[in-house]
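Novice: Okay, so the sequence shown: first residue is 1162 according to the numbering used here, each after it adds one.
Dumping the structure here so I can ask a few things about it.
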Amino acid sequence: MSRETKDAVESAQSQTLLFLQAQLRDLREKIETHISYVLISENIVFKLKKAVAFSYLDFSTPKQRLTMCLREFSLNQKYASNLYLGVRRITRAANDALEFDCAGALIDAVVVMQRFDDSALFDALARQGALDRKSTRL
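Right under this line is the structure:
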């Protein structure tokens, strides 16, 4: 990937992050991993896959990120259907603004989740001694 292409992709994802933050209005936390940004508000969470490619995954195009968001949503319906609310397409409107699910060009996609209490995170449960074999088995 050329430097100009990489800069354009990074700029597009920066615009997407700003758009998502504006949609949440009550952003509490932004977590960055090597493959995702997780934007956490009081009730809703947006998970945006980074435009990256590694030997074990390829999120380099908006279409690939949408496909993987849809796959993540589908896979998690079995065990966490109450947390996984859906997938939203981020598109470019005629006025050049970003919008959810309009007819314009696909810019990116996000998994939309219901926020759960931090006390339900495995690290918090482990500190409380509340994990056992049954709670960690799928």
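The beta carbon of each residue, even a glycine, is placed where N, CA and C say it ideally should be.
Which residue spans inside the region 1178-1208 form an unbroken beta strand (DSSP E) run of at least 3?
Specialist: Correct list: 1190-1193 and 1197-1201.
Novice: Which parts of the region 1222-1264 are runs of the beta strand (DSSP E), unbroken and 3 residues or longer, counting only runs that do not cross its ends?
Specialist: DSSP runs (the beta strand (DSSP E)) wholly in the region 1222-1264: 1245-1253 and 1259-1261.
Novice: Who are K1210's beta bridge partners in DSSP?
Specialist: DSSP lists S1197 as partners of K1210.
Novice: How would you label L1269, buried or exposed, when you count the other beta carbons within 10 angstroms and need 16 or more for buried?
Specialist: The sequence shown places Asp at residue 1269, rather than the Leu named in the question. Result: buried.
Novice: Does the beta-carbon distance from R1226 to F1220 come in below 8 Å?
Specialist: Against a cut-off of 8 Å, the Cβ pair of F1220 and R1226 comes out as a contact.
Novice: Go to Q1275, then tell me how far its beta strand (DSSP E) extends in each direction, as first and last residue.
Specialist: From DSSP, the beta strand (DSSP E) with Q1275 extends over A1266 to Q1275.
Novice: According to the neighbour-count rule (16 or more other Cβ atoms, all chains shown, within 10 Å of its Cβ), is K1208 buried or exposed?
Specialist: With 16 or more other Cβ atoms within 10 Å, it is buried.
Novice: Enumerate in chain order the residues of its own chain whose CB-to-CB distance from T1252 is below 8 Å, with the five nearest sequence positions on each side excluded.
Specialist: Cβ neighbours of T1252 beyond the five flanking positions: L1259, E1260, F1261, D1262, C1263, A1264, G1265, A1266, L1267 and I1268.
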